[in-house]
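See structure below.
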Amino acid sequence: MSTQGIVELVGAGAGDAELLTVAVELWQWLQLPLCALVAVGLDRVFGEPRRFHPLVGFGRLAQRIEAALRRFPTRHNRQKKAGIAAWMLAVLPCAGGALWLRHIAPAWLAVSLDVVLLYFALGAQSLREHVMPIADALDADDLPAAREAVGRIVSRDTTALDETAVARAAVESTLENGSDAVFGALFWFALLGGPGALLFRLANTLDAMWGYRNERYLHFGRAAARLDDLLGYLPARFCALTYAVLGRGGQALACWRVQAPLWDSPNAGPVMAAGAGSLGVSLGGAAVYHGQPETRPMLGAGAAPTAADIRRALALVRRGIGVWLIAGFLPALVWGAFHA
Numbered sequence: 066m067s068t069q070g071i072v073e074l075v076g077a078g079a080g081d082a083e084l085l086t087v088a089v090e091l092w093q094w095l096q097l098p099l100c101a102l103v104a105v106g107l108d109r110v111f112g113e114p115r116r117f118h119p120l121v122g123f124g125r126l127a128q129r130i131e132a133a134l135r136r137f138p139t140r141h142n143r144q145k146k147a148g149i150a151a152w153m154l155a156v157l158p159c160a161g162g163a164l165w166l167r168h169i170a171p172a173w174l175a176v177s178l179d180v181v182l183l184y185f186a187l188g189a190q191s192l193r194e195h196v197m198p199i200a201d202a203l204d205a206d207d208l209p210a211a212r213e214a215v216g217r218i219v220s221r222d223t224t225a226l227d228e229t230a231v232a233r234a235a236v237e238s239t240l241e242n243g244s245d246a247v248f249g250a251l252f253w254f255a256l257l258g259g260p261g262a263l264l265f266r267l268a269n270t271l272d273a274m275w276g277y278r279n280e281r282y283l284h285f286g287r288a289a290a291r292l293d294d295l296l297g298y299l300p301a302r303f304c305a306l307t308y309a310v311l312g313r314g315g316q317a318l319a320c321w322r323v324q325a326p327l328w329d330s331p332n333a334g335p336v337m338a339a340g341a342g343s344l345g346v347s348l349g350g351a352a353v354y355h356g357q358p359e360t361r362p363m364l365g366a367g368a369a370p371t372a373a374d375i376r377r378a379l380a381l382v383r384r385g386i387g388v389w390l391i392a393g394f395l396p397a398l399v400w401g402a403f404h405a
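The numbering of the sequence shown is the working numbering, which starts it at 66 and goes up by one.
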C-alpha cells in the first residue's frame, strides 16, 4: 500500500497526515536495517538451530534431485545440463516462493519473514562455535584436538598439520566463511530482503555440495560453482573492502591487488588476500586435498598465524558486521536529516 493510501485509510487530518507520511516513509528506510539488526541478534543469541534446520532439509532435497537426474545417461554435456536443471529445481521454487509470499503477505508478516529468512541464512555464530575450539586447543597445546576441530571446517587433510598449519587453515576458513556465511547473506538481504538472503545461502549450500573438481562433480557441479561465484562476486569484494578498512588498510589493498588474481577462486582470493593483509599474517602455501598435495600462492604479509590470530580473524568478522549494520541505517539518517 502506498503512503497516500495509508493516510486515507486511517483518516488522518492535514497535520496528522503530514506526520504520518513522514513516519511511513522513514519506516520504509528503516525496515530492512531493523530486520537485519534483529536477525543478527537472534543469530548471536541462539546460533543455528540444532534440530530441524531448514538447510538440512534443503540438503536432503538436493540429494534426491541429484539422484533422480543422475539416472539419465552420463555423457559430459548431459551432466552439465542435469546440473543446471538440478540447481533450478532446488533453488528457484524455494527462493521464488519466498519472494511471492513476501509480496502478498501483510506488512507484519513480510517483516517477520525477512527476519526469519535472514536468521536462517546467517552463520556468524556457527562460525564462531566451530573456530573457537581450534584456538582453545592450540592454547592448551592439544594438537590432536586442534586437528580434529579444524577438520570439521576445511576440506584439506588435517592429520599431519602442525600448530602453524592448523592456525593457518582456521584463519583462512574464518575469513572466507565471513564472506560466504555472513556478508554475502547481508548483501543480498539489502537488495531483495529475506528472499535474497535465502537465494544466496541456498546457492552457497549447493556449491558446498556439488562444486568439486573431481570425477563425480566436475561436470554436474559446474553450474552450482559458477552461479555461486556469480552471486558472491560483489559481496566478496565488499567483504574484502570491509576487512581492509578495519585493519592495515594500505597493506590489505596491496595484497588484494597483487595476490588475489593468483588464487584459483575469483571470490576467495580477494577476501583472503585482503583479510590476511589486514591482519598482518601470511596465508596460503602447501596443503593436501583428497590425498593430493597442492602448492597454493602465498597471501597476505607478515608472520605465520597463531591461535591469537584466529581470534583476531573472528573479531574482524564481528566488527565487519557492526560496520555493515551501521551502514544500513545511514540512508535513513540522511533522509531524516533532510526531512527534519
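No residue lacks a Cβ here, since even glycine has one placed at the ideal position from N, Cα and C.
| Query | Result |
| --- | --- |
| Return the residue from the list 300, 374, 308 and 355 that minimises the CA-CA distance to residue 46. | Outside the displayed span of the chain (66 to 405) sits residue 46, for which this structure offers no information. |
| Taking C-alpha atoms, which residue in 95, 107 and 145 lies nearest to residue 275? | 145 |
| Tell me whether residue 266 is buried or exposed, calling it buried when 16 or more other Cβ atoms sit within 10 Å of its Cβ. | buried |
| Can the beta-carbon of residue 94 be found less than 8 Å from the beta-carbon of residue 400? | yes |
| So what's residue 360 in DSSP terms, helix, strand or just coil? | strand |
| In three-state terms, what does DSSP make of residue 403? | helix |
| Count the other CB atoms within 10 Å of the CB of residue 238; is the residue buried (16 or more) or exposed (fewer)? | buried |
| Among 229, 247, 133 and 322, which one has its Cα closest to the Cα of residue 105? | 247 |
| With DSSP run on the structure shown, which of helix, strand or coil describes residue 282? | coil |
| Give a yes or no on whether the C-beta atoms belonging to residue 190 and residue 108 are separated by under 8 Å. | yes |
| What residues match up with residue 132 in a beta bridge as DSSP calls it? | BP columns for residue 132 are empty, so no partner. |
| Measuring only the C-alpha atoms, how far is residue 214 from residue 177? | 35 Å |
| Can you round the beta-carbon distance between residue 262 and residue 292 to whole angstroms, since I take them to be within the 8 Å contact cut? | Going by Cβ atoms, the distance from residue 262 to residue 292 rounds to 16 Å, so no, they are not a contact pair. |
| Quick one: what's residue 353 bridged to in DSSP? | 358 |
| If you count every other CB in all the chains shown that lies within 10 Å of the CB of residue 244, and 16 or more means buried, which is it? | buried |
| Give the single residue among 199, 221 and 278 whose Cα lies nearest to the Cα of residue 375. | 199 |
| Thinking just about the alpha-carbon of each residue, which of 159, 229 and 236 is nearest to the one in residue 219? | 236 |
| Note down the Cα distance separating residue 278 from residue 289, rounded to an integer number of angstroms. | 12 Å |
| Who pairs with residue 347 in a beta bridge, going by DSSP? | 365 |
| For residue 354, which residues of its own chain have a beta-carbon under 8 Å away from its beta-carbon, when the five flanking residues on both sides are left out? | 220, 221 and 222 |
| Have a look at residue 258 and residue 206 and give me their C-alpha separation to the nearest angstrom. | 44 Å |
| Assuming contact is defined by CB atoms lying nearer than 8 Å, are residue 155 and residue 126 in contact in what I supplied? | yes |
| In this structure, how does DSSP classify residue 221 when only helix, strand and coil are distinguished? | strand |
| According to the Cβ coordinates, are residue 367 and residue 345 closer than 8 Å? | yes |
| Drop a sphere of 10 angstroms on the beta-carbon of residue 316, count the other beta-carbons inside from all chains shown, and report buried for 16 or more, exposed for fewer. | buried |
| May I ask you to report which of helix, strand or coil DSSP gives residue 300? | helix |
| From the DSSP output, in three-state form, read off residue 90 for me. | helix |
| Going by DSSP, what residue range makes up the alpha helix (DSSP H) through residue 242? | 228-243 |
| The alpha helix (DSSP H) spanning residue 252 covers which residue range? | 249-257 |
| Along the chain, where does the alpha helix (DSSP H) that runs through residue 327 open and close? | It is not in any alpha helix (DSSP H) - residue 327 carries neither H nor E in the DSSP assignment. |
| What are the boundary residues of the alpha helix (DSSP H) that residue 142 is part of? | 141-169 |
| Determine the DSSP secondary structure at residue 307, reduced to helix, strand or coil. | helix |
| Helix, strand or coil: which one does DSSP assign to residue 195? | helix |
| In chain order, what residues of the same chain lie with their CB nearer than 6 Å to the CB of residue 364, ignoring the 5 residues before and after it? | 324, 337, 338, 341, 348 and 349 |
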